[in-house]
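Numbers given in the numbering used here equal positions in the sequence shown, counted from 1, plus 700.
Single-structure report; data block below.
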Amino acid sequence: MAVKHGVARDDAMASIELRGVVKTFAVGGGEFTALDSVDLDIERGTFTAIVGRSGSGKSTLANMITGIDRPTRGVVRAAGVRVDELGERDLALWRGRNVGVVFQFFQLLPGLTILENVVLPMEFLGVRPPRERVDRASELLERFGIGAQARKLPGALSGGEQQRAAIARALANDPSIVVADEPTGNLDLHNSEAILELFSLLALEGKAVVMVTHERDVGLRADRVVTLVDGRIASIQQRAHDRAPNAETRARG
Ligand SMILES: Nc1ncnc2c1ncn2[C@@H]1O[C@H](COP(=O)(O)OP(=O)(O)O)[C@@H](O)[C@H]1O
Ligand SMILES: [Mg+2]
């Protein structure tokens, strides 16, 4: 399995780069600026939280990184490509390969088993023989403590279990970037803790983990806290976790 502890990374470049990113939406007769001149670098091996009040532009920012939405102006680079310039098909393939996306409401396909949900991203890219896809999916589910639920439908699992399954799905193709929008928004404290721990671990393993949350306490669990106010970056705080300096050093190579 590609996800291992202490993997040395040779790419010191920022995994995600936003330059002068502006996003406006047409509203009524006018225009609403959801993101205003956002410049941001996010490196591999770090866990970054995007925090701010409801409506501050957090989800819009996450959608710039995943390519779910495009900037009105500015440049978005992630995992080696100009995300803002990709066509639909290339975007879907690029995302499938490089970005694991995690949502507040899990978005597992309700008619497929948990195992099938996790196999799906590998099928989409056509990577690995079918047998290996199932093995990898099973390993991920085991790793997240829900191996016994593999043959169940999502509706039979608790919220915490569904979110772990959704994270397993997000990791199926071993992406270098994980983007999670309010991943703990629908979970109790215990399950939220487990997800935050997992994200810290994924960052230690060399991924760029980006988590959007309106809960400041949740955000403070990250290495770095980017605060948005009205679509602008108001502050970037580096957290003094004991592991943060290592992660930074490694990310810089
Ligand atoms: N598709 C859209 N059309 C119009 N306005 C939008 C659209 N998406 C988001 N907005 C507006 O942009 C602002 C930021 O939204 P969002 O990024 O979802 O905020 P957050 O995730 O921080 O709550 C909000 O005022 C929201 O109403
Ligand atoms: Mg949001």
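For every residue, glycine included, the Cβ atom is placed at its ideal position computed from N, Cα and C.
query	result
Determine the direct distance from the alpha carbon of Ala903 to that of Phe844, and round the result to whole angstroms.	16 Å
Please tell me whether Pro810 has its Cβ less than 9 Å away from any Cβ of chain B.	The structure shown contains no chain B, having only a single protein chain.
Would you list the residues sitting across from Thr733 in a DSSP beta bridge?	Thr724
With 16 as the cutoff for other CB atoms within 10 Å, does Leu815 come out buried or exposed?	buried
Take Met822 as the anchor and find which of Pro810, Phe806, Gln862 and Asp874 has the nearest alpha-carbon.	Asp874
Quick one, what's near ligand 1 if you take every residue whose CB is closer than 5 Å to any heavy atom, in chain order?	Phe725, Ala734, Ser754, Gly755, Ser756, Gly757, Lys758, Ser759 and Thr760
Closer than 8 Å: is that where the CB of Asp769 sits relative to any heavy atom of ligand 2?	no
Ligand 3 and Val818: does the residue's C-beta get closer than 8 Å to at least one heavy atom of that ligand?	Ligands displayed in this structure: ligand 1 and ligand 2; ligand 3 is not among them.
When you compare the CB positions of Phe806 and Gln863, do they come within less than 9 Å of one another, or not?	yes
Is the closest heavy atom of ligand 2 to the C-beta of Val912 under 8 Å?	yes
Relative to ligand 2, is the shortest distance from any of its heavy atoms to the C-beta of Ile881 smaller than 8 Å?	Note that residue 881 is Asp in the sequence shown, not Ile. Asp881 Cβ: within cutoff of ligand 2.
If you follow the beta strand (DSSP E) that Val809 is in, where does it begin and where does it stop?	Going by the sequence as given, residue 809 is Leu instead of Val. No beta strand (DSSP E) contains Leu809, which DSSP labels as neither H nor E.
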